[in-house]
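**Q** The structure is given below, and queries will be raised subsequently.
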Amino acid sequence: MRVLLVEDDAQLGDGLKAALKQEGYAVDWATDGEEGDLALRTEPYDIVVLDLGLPHKTGLEVLEELRKRGSDVPVLILTAQDTSKDRVLGLDLGADDYMTKPFNIDELCARIRSILRRAHGRAAPLLTHGDVEMDVAGRTVTLAGQTVEISAKEFAVLHQLLENQGRVMSKGRLEESMYDWESELESNAVEVYVHHLRKKLGKDLIRTIRGVGYVIDKEVS
Ligand code: CA
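Just add 123 to the spot in the sequence shown (first one is 1) and you have the working numbering.
Structure representation (structure tokens):
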């Protein structure tokens, strides 16, 4: 999952980026509103953490333009304590949630997970398919109840596929969910991770759609 963080406070941005990366997200950090806006116009994100008080373009302007373009990427806004008017405005402009500074980083991470769940129409915290179970918060994967060791990148690929069951994910889309601006893209990385995942979780879990990408089929109940 790929996060765009738009925050002009260097110390806070630095801490947030590190914490989100620790949670396994690919994180791009934009330090002003214009940079955030440009990133949102050019890259696909799974969620945006958006400060409101930003240079060049305010968070509310970024949000308003994002929704005007028809994008439904989830947005969590970060606001200073004294701006309840902005919070209301933000929610009315299409933000999904907000947090008031200073905030607890664990709570922020939990809210991000919750927003991502809801964005995919899911209330339960576990992602499942057959015998495979992913605990996004605990960052663990089990197969028939047994813990399976998987790397952070494998986790990222599996997470994207499980969260989008029934939808074919292109190789490019999977790559984008694993790599942020700073990461060096490895060639054939997606193929390699899918290969590992099949070895660990069964060869039928992930289906290759030749020339298009990969899919975990929806379970028929
Ligand atoms: Ca700010």
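The beta-carbon is built from N, C-alpha and C at its ideal position, and this holds for glycine as well. Just so you know, these numbers come straight off a predicted model, no measurement behind them.
Using a Cβ-based criterion (distance less than 8 angstroms to any ligand heavy atom), does G86 qualify as near ligand 1?
**A** With the chain covering only 124 through 344, there is no way to say anything about residue 86.
**Q** Could you check what DSSP says for R330 in three-state terms: helix, strand or coil?
**A** Indexing the sequence shown from 1 puts residue 330 at position 207. DSSP places R330 in strand when its eight states are reduced to three.
**Q** Between the C-alpha atoms of S310 and Y316, what's the straight-line distance to the nearest angstrom?
**A** Counting from 1 along the sequence shown, the entry for residue 310 is found at position 187. Counting from 1 along the sequence shown, the entry for residue 316 is found at position 193. Taking the straight line from one Cα to the other gives about 11 angstroms.
**Q** Using 8 angstroms as the cut-off, classify the Cβ of L177 as near or not near the heavy atoms of ligand 1, replying yes or no.
**A** Within the sequence shown, the letter at position 54 stands for residue 177. Yes, ligand 1 has a heavy atom inside 8 angstroms of this Cβ.
**Q** Can you list, in chain order, the stretches of the alpha helix (DSSP H) that have 4 or more residues and sit fully within the region 245-301?
**A** Counting only runs of 4 or more, we get 275-286 and 294-301.
**Q** According to the neighbour-count rule (16 or more other Cβ atoms, all chains shown, within 10 Å of its Cβ), is R125 buried or exposed?
**A** In the sequence shown, residue 125 corresponds to position 2, counting from 1. The residue is buried, with at least 16 neighbouring Cβ atoms inside 10 Å.
**Q** So is the beta-carbon of D254 under 8 angstroms away from any non-hydrogen atom of ligand 1?
**A** Within the sequence shown, residue 254 is the residue found at index 131, counting from 1. Incorrect: D254 has no Cβ contact closer than 8 angstroms to ligand 1.
**Q** Leaving out five residues before and five after L328 in sequence, what residues of the same chain have Cβ atoms less than 8 angstroms from its Cβ?
**A** By one-based count along the sequence shown, residue 328 stands at place 205. The answer, listed in chain order, is H252, G253, V255, L320, R321 and I339.
**Q** Leaving out the 5 sequence neighbours to the left and right, which residues in its chain are closer than 7 angstroms to L216 when beta-carbon positions are compared?
**A** As a position in the sequence shown, residue 216 is number 93, starting the count at 1. Within the same chain, L216 has close Cβ partners L183, L186, E187 and R190.
**Q** Indicate whether G136 and T154 have their beta-carbon atoms separated by less than 9 angstroms.
**A** Residue mapping note: residue 136 aligns to position 13 of the sequence shown, counting from 1. Residue mapping note: residue 154 aligns to position 31 of the sequence shown, counting from 1. Result yes, Cβ atoms of G136 and T154 sit closer than 9 angstroms.
**Q** By DSSP, does L199 sit in helix, in strand, or in coil?
**A** Taking the first residue of the sequence shown as 1, we reach residue 199 at position 76. Strand, per DSSP.
**Q** Under the criterion of a Cβ to heavy atom distance below 8 angstroms, does D132 qualify as lining ligand 1?
**A** To locate residue 132, count along the sequence shown from 1; it is residue 9. The answer is yes for D132.
**Q** In terms of alpha-carbon separation, which member of S207, L212 and E146 lies closest to D229?
**A** For this step, residue 229 is matched to residue 106 along the sequence shown. Comparing Cα positions, the closest option is E146.
**Q** What are the complete beta strand (DSSP E) segments, minimum 3 residues, inside the region 136-168?
**A** Segments of the beta strand (DSSP E) lying fully in the region 136-168: 149-153.
**Q** Identify whether I339 lies in helix, strand or coil by the three-state DSSP scheme.
**A** Residue mapping note: residue 339 aligns to position 216 of the sequence shown, counting from 1. Coil, per DSSP.
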